[in-house]
Amino acid sequence: MLNRSGFVALFEEPLDRDRVEEMVTHWIARFERVEQALPGGVGAGAATMEIRVASDLFWEDYPQFRISEGETFAWVYLAMTRRSIETTGFSTPGIPLSLEVLLELPRICEIIDEKNEERLTQLEQQGIL
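Numbering (the working numbering), first residue to last: 29 to 157.
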């Protein structure tokens, strides 16, 4: 049975277009495939489009990305103007991809395992999440 893994990363400052482009450019260089979920409205499936360069990004308030490396993938969820991003995926031997997609990003000040409910509740109470 596959176990789910997920993380929340906090940045020093809120995200903006420049920071998102920087993250996506890093992912494109580092991982096999980067896709962005397309908004589809009610009842739509999870359609994605491959992002090959940052200029391919479709700008919206809550972009979502699927990052793939071999058979493994992780979803990345963010909100423009927020200081945090969330990832989900499955546990794998070694470092889960849901953590690996965060490790080399600039200006991250904290990475929290999604199982750390105490810290996540604290951040919600502070209005950060």
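Note that CB positions come from ideal geometry on N, CA and C, so glycine has one too.
(request) Give the DSSP-derived three-state secondary structure of Val62 in the structure shown. (result) Reduced to three states, the DSSP call for Val62 is strand.
(request) Look up Ser96 in the DSSP assignment and give the residues it is bridged to. (result) Answer is Arg61, Phe101, bridged to Ser96.
(message) On the criterion of 16 or more Cβ atoms from any shown chain inside 10 Å, does Gly155 qualify as buried, or is it exposed?
(response) By the 10 Å Cβ count, Gly155 comes out exposed.
(request) Report back the beta-carbon spacing between Ala102 and Gly117 to the nearest angstrom; my notes put them in contact at under 8 Å. (result) With 8 Å as the limit, Ala102 and Gly117 qualify as a contact, their Cβ atoms being about 4 Å apart.
(message) Given this structure, state the Cα-to-Cα distance separating Glu78 from Val129, to the nearest angstrom.
(response) About 17 Å.
(message) Using 8 Å as the threshold, is the C-beta distance between Val48 and Trp55 below it?
(response) With contacts defined by Cβ atoms closer than 8 Å, Val48 and Trp55 do not form a contacting pair.
(request) Would you mind giving the Cβ-Cβ distance between Gln64 and Thr53, rounded to the nearest angstrom? I have them listed as a contact below 8 Å. (result) Contact between Gln64 and Thr53 is ruled out by a C-beta separation of about 13 Å, above the 8 Å threshold.
(message) Quick check on Thr109: does DSSP put it in helix, strand or coil?
(response) Coil at Thr109, not helix or strand.
(request) Measure the Cβ-Cβ separation of Ile113 and Ala57 and say whether it is below 8 Å. (result) Taking 8 Å as the Cβ cut-off, Ile113 and Ala57 do not qualify as a contacting pair.
(request) Please name the residue, chosen from Leu151, Asp141, Leu66, that lies closest to Arg32 on a Cα-to-Cα basis. (result) For the set Leu151, Asp141, Leu66, the Cα lying nearest the Cα of Arg32 is the one of Asp141.
(message) Please list the terminal residues of the continuous alpha helix (DSSP H) segment that includes Thr149.
(response) Boundaries of the alpha helix (DSSP H) around Thr149: 145-153.
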